[in-house]
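Colleague: Throughout the sequence shown, residue numbering follows this note's numbering, covering 83 to 265 in sequence.
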Amino acid sequence: MILVNTLGSWSHVYAPLLHADWHGCTPTDVIFPFFMFIIGSAMFFSFKKTNSTANASQVLRLIKRGAIIFAIGLALNMYPFTTSIENLRILGVLQRIGIAYILASICVLLLNRRGVISLSVAILIAYWLLLLSVGSNNAYTLENNLVRTVDIAVLGESHLWQGKGLAFDPEGLLSTLPSVVSV
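1. Please list the terminal residues of the continuous alpha helix (DSSP H) segment that includes Leu-260.
2. Could you tell me which whole alpha helix (DSSP H) segments of length 4 or greater appear in the stretch 204-263?
3. Can you give me the C-alpha to C-alpha distance between Gly-245 and Thr-135, rounded to a whole angstrom?
4. Thinking Leu-228 and Ala-221 are a contact (beta carbons under 8 Å), I'd like their distance in whole angstroms, please.
5. In three-state DSSP terms, what is Cys-107?
6. Check whether the Cβ atoms of Leu-173 and Glu-225 sit closer than 7 Å, and answer yes or no.
7. Measuring straight from C-alpha to C-alpha, what distance separates Leu-99 and Ser-139?
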């Protein structure tokens, strides 16, 4: 991701190293979902090795770990610490990893394999139905999708990414739900 996000010159970029504007997929766009999958795989082996079960201390440890990841992401969004709180981007990649890690690990601890699979399918179907049925006629466009609407309503435009000339967050609140399934 260092190569993708710090290319040096944005005027001379090898096309596969660019993110898709909105619709589409490039090799760069699959790195984050693969990373989330690896987190889930590591979680499986870690829980199996330690024979983890859901108890208060285990859940608190997982929440603490996820909160630390979230806080590091927030600190990186604040860097170089001249950003005012009014314009601080609250969510980001590390924040999504922290939230998804907490939610997925609690699900894995509390549910059996069939329960995790059922919950994952239910989350994805519910997310798809929400995107399809709530909002405007062009529910899959950047300007009119429910994910952007929820982010603006909860966080406000000034706390979202402004990279495409329009306030939206690629790692927003509602779009974190399918990320939990990726873990």
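Cβ coordinates follow ideal geometry from the N, Cα and C atoms, glycine included.
No experiment lies behind these values; they were computed from the predicted model shown.
Modeller: In brief:
1. Correcting the residue identity first, residue 260 is Pro in this sequence and not Leu. Per DSSP, the unbroken alpha helix (DSSP H) holding Pro-260 starts and ends at 258-264.
2. 228-237
3. 42 Å
4. 7 Å
5. coil
6. Taking 7 Å as the Cβ cut-off, Leu-173 and Glu-225 do not qualify as a contacting pair.
7. 42 Å
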